[in-house]
Amino acid sequence: MTFSASAPAAPAAASRLVGLAPVVGAGTVLLVLGSFPGAASLRAQQYYGHPQNHFWCILQALWPQHPMPGRADYSGRCGWLLARGLGLWDVYGACEREGSLDAQIRHAEVNDFAALRVRCPRLAAIAHNGGESFKHARATAALGVPVYKLPSTSPANASWSFERKRQAWAEVMAAHGLL
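When we follow the working numbering, the leftmost residue of the sequence shown carries the number 844, and every step to the right adds one.
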């Protein structure tokens, strides 16, 4: 019997991923910044596309008088957000990552927040959706608006109940006239 020693296989290099375009308009008052779309969101080309992410459910709970378009109508959902003064983007425009966890993000490129300011003349606040996004609060504070850290709506943030997340989001949105 013979044995041959071989070097362990090197882990596959993480692929370069490109994020989603901002969902913003001239009426955007509050900009929600995530870190970078998860794998399900990238596949669907939709912010908060993972069915277990609480983002869309929290917003529908905060705006029950305004029925949200269904999951299949992403364009309608984006219009629904914009009509209420809410915008979406991420702190990272591109990165390398295996899977969906923020802890796996490598070689990230931060988005150009200053350029976004021109597109959102009514911008009154930034809300970071989770800790990884909030690491860039200093850069977003340079826009001259209040910056908030909100609990992540990700299913990975199981330590916060839906109701606790909803309440935290409600406080920030109410402070800027969105409720």
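The C-beta atom is built at its ideal place from N, Cα and C for all residues, glycine as well.
Please report how far the alpha carbon of Ala926 lies from the alpha carbon of Arg949, in whole angstroms. Looking up residue 926 in the sequence shown gives position 83. Looking up residue 949 in the sequence shown gives position 106. The straight-line gap from Cα to Cα measures roughly 35 Å.
Is the separation between the beta-carbon of Pro989 and that of Trp932 shorter than 8 Å? Taking the first residue of the sequence shown as 1, we reach residue 989 at position 146. Taking the first residue of the sequence shown as 1, we reach residue 932 at position 89. No.
Three-way DSSP call (helix, strand, coil) for His897 in this model: Here residue 897 corresponds to residue number 54 of the sequence shown, with the count starting at 1. Coil at His897, not helix or strand.
Range covered by the alpha helix (DSSP H) that runs through Lys1008: Position 165 of the sequence shown, counted from the first residue, corresponds to residue 1008. Segment 1005 to 1018, the alpha helix (DSSP H) holding Lys1008.
Distance check for Gly974 and Pro994, CA to CA, integer angstroms please. Walking along the sequence shown from the start, residue 994 turns up at place 151. Walking along the sequence shown from the start, residue 974 turns up at place 131. C-alpha separation (whole angstroms): 8 Å.
Hey, could you find the ends of the beta strand (DSSP E) Cys938 is sitting in? Here the question's residue 938 lines up with position 95 in the sequence shown. Start and end: 935 to 939.
Look at Tyr890 and Thr996 and say whether their C-beta atoms are less than 8 Å apart. Counting from one through the sequence shown, the residue named residue 890 turns up at place 47. Counting from one through the sequence shown, the residue named residue 996 turns up at place 153. No, these two residues do not count as a Cβ contact at 8 Å.
Mind checking which residues open and close the beta strand (DSSP E) that includes Tyr991? The residue labelled residue 991 in the question sits at position 148 within the sequence shown. Note, Tyr991: beta strand (DSSP E), 990 to 993.
What separation, rounded to the nearest whole angstrom, lies between the Cα atoms of Arg914 and Ala980? Looking up residue 914 in the sequence shown gives position 71. Looking up residue 980 in the sequence shown gives position 137. So the two alpha carbons sit approximately 30 Å from each other.
Gly942, buried or exposed, once every other Cβ within 10 Å from all chains shown has been counted against 16: As a working note, residue 942 is residue 99 in the sequence shown. By the 10 Å Cβ count, Gly942 comes out exposed.
DSSP three-state call for Arg981: helix, strand or coil? Taking the sequence shown and counting its residues from 1, one reaches residue 981 at position 138. Reduced to three states, the DSSP call for Arg981 is helix.
Along the beta strand (DSSP E) that carries Arg949, what are the first and last residues, could you check? The sequence position of residue 949 within the sequence shown is 106, counting from 1. Residues 949 to 953.
Span of the beta strand (DSSP E), counted from its first residue to its last, around Arg859: The sequence position of residue 859 within the sequence shown is 16, counting from 1. Segment 859 to 861, the beta strand (DSSP E) holding Arg859.
So for Leu874, helix, strand or coil by DSSP? As a position in the sequence shown, residue 874 is number 31, starting the count at 1. Residue state, collapsed to three classes: strand.
Touching or not, the region 955 to 971 and the region 867 to 884, by the rule of three or more beta carbon pairs under 8 Å? yes
Which word fits Asp916, buried or exposed, when buried means at least 16 other C-beta atoms lie within 10 angstroms of its C-beta? As a first step, residue 916 is located in the sequence shown; it is residue number 73 there, counting from the start. Under this definition Asp916 is an exposed residue.
Over what stretch of residues does the beta strand (DSSP E) that includes Ala926 continue unbroken? Counting from 1 along the sequence shown, the entry for residue 926 is found at position 83. First-last for Ala926: 917 to 926, but that is the alpha helix (DSSP H), not the beta strand (DSSP E).
Return helix, strand or coil for Gly930, following the three-state DSSP convention. Here residue 930 refers to the residue found at position 87 of the sequence shown. In this structure, Gly930 counts as strand in the three-state DSSP scheme.
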